[in-house]
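Visitor: Encoded as structure tokens, here's the structure I'll be asking about.
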Amino acid sequence: MNVKIKEIPVNDRPRERLLNSGVEVLSNEELLAILLKTGTKDMSVKMVASNLLKKLKSLSNLKDVNVESLTKIKGIGKAKACELIAAIELGRRLNQKINDVKEIKIGESYDVFEYYNNFLSDKKQEYFYCIYLDNKKRVIKDKLIYIGSINQSMVHPREVFKEAYLIDASAIICVHNHPSNKVEPSQNDIVITNQLVEAGEFLEVKIVDHIIIGRDRYFSFLENGYIKIWDNFRFFV
């Protein structure tokens, strides 16, 4: 039944229920209705929220939505889609122990995994990041190099090391995810890593680790002996 918000008794409307009884008592539909704010001339905001939940099938799938998929739902335009995605991202960041890559204190590969796991483990595509460090192991910045199936032509040493020179980095940690959640390196992963390590030797900007992330699991090329520890840049020790 498509009941307009103004037809619902004031104390039973989502915002008023939140104010009077607390956010914990609200249903998923009511929470979404508050974020969506308004419906259309033919649909109440609660109906739009209900349709969104039906489309998602499970609330947990909300983390995978994008602007394109949201705007296919009647009553949700680009502005509403952006507001929803922003709210989802804020929720994700609240669950992160570290909110900025510069806060990572490099002690071991797990420290890097802990930061990236929260937002990479559920991605449906592969994301390839580089973390750039100075000669005191301090993080300068990270950069997303590529999104998609990782291969030699897409993750090229030129793109990885160009940024290192621009910001005067001394070392790089590569990070990418496996949507399959299997963290064992593929042959492509090994070939790319070897290419980057060799280029780093020549350019004197060391690749000190390459970390593959799955859901709550990781594989470190350094820890598993695929990359050696450099004597003049001893890392994670």
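614 is the number of the first residue of the sequence shown in the numbering used here; add one for each residue after it.
Don't be surprised by glycine CBs; every beta carbon is placed ideally from N, CA and C.
Identify the continuous alpha helix (DSSP H) that holds Phe774 and give its terminal residues.
Guide: Unbroken alpha helix (DSSP H) run through Phe774: 770-779.
Visitor: Run through the DSSP bridge pairs and tell me what Ser833 is partnered with.
Guide: Note: Ser833 sits in a beta bridge opposite Ile824.
Visitor: At least one CB of chain C closer than 8 Å to the CB of Glu727: is that the case?
Guide: The structure shown contains no chain C; it is built from a single protein chain.
Visitor: Using DSSP with H/G/I as helix, E/B as strand and the rest coil, what is Ile698?
Guide: In this structure, Ile698 counts as helix in the three-state DSSP scheme.
Visitor: Quick one: Cα of Val680 to Cα of Tyr831, how far?
Guide: Their Cα atoms are separated by approximately 30 Å.
Visitor: Determine the burial state of Pro622: buried for a count of at least 16 other Cβ atoms within 10 Å of its Cβ, exposed for fewer.
Guide: Pro622 should be labelled exposed.
Visitor: Below 8 Å on the Cβ atoms is my guess for Lys754 versus Val714; work out the distance and round it to an integer in Å.
Guide: Right, the Cβ-Cβ distance comes to about 7 Å (below 8 Å), so this counts as a contact.
Visitor: Which residue wins for smallest C-alpha separation from Val804, given the options Leu816, Leu631, Phe834, Ser722?
Guide: Comparing Cα positions, the closest option is Phe834.
Visitor: For Lys670, which of helix, strand or coil comes out of DSSP?
Guide: Three-state result, Lys670: coil.
Visitor: Comparing C-alpha positions only, which one of Asn641, Lys691, Val768 sits nearest to Lys670?
Guide: Among Asn641, Lys691, Val768, the Cα nearest to that of Lys670 belongs to Asn641.
Visitor: Would you tell me roughly how many angstroms separate the C-alpha atoms of Asn790 and Asn837, rounded to the nearest one?
Guide: Taking the straight line joining both Cα atoms gives about 17 Å.
Visitor: Closest to Tyr759 by CA distance: which of Ile824, Glu739, Lys750 is it?
Guide: Per the Cα distances, Glu739.
Visitor: Considering only their Cβ atoms, is the gap separating Val810 from Ala784 smaller than 8 Å?
Guide: Their beta carbons are not under 8 Å apart, which means Ala784 does not touch Val810 by this criterion.
Visitor: If you count every other CB in all the chains shown that lies within 10 Å of the CB of Glu629, and 16 or more means buried, which is it?
Guide: Looking at its Cβ environment, which holds fewer than 16 other Cβ atoms inside 10 Å, Glu629 is exposed.
Visitor: According to DSSP, which residues form a beta bridge with Ala784?
Guide: Answer by DSSP bridge pairing, in chain order: Leu746, Lys819.
Visitor: Please classify Glu637 as buried or exposed, where buried requires at least 16 other C-beta atoms within 10 Å of its C-beta.
Guide: By the 10 Å Cβ count, Glu637 comes out exposed.
Visitor: I'd like the span of the beta strand (DSSP E) that includes Asp755, first residue to last.
Guide: First-last of the beta strand (DSSP E) with Asp755: 752-760.
Visitor: Taking just the CA atoms, how far does Phe741 sit from Gly827?
Guide: If you take the alpha carbons of Gly827 and Phe741, they lie about 13 Å apart.
Visitor: Express the C-alpha separation of Asp625 and Ala662 in angstroms, rounding to a whole number.
Guide: C-alpha separation (whole angstroms): 16 Å.
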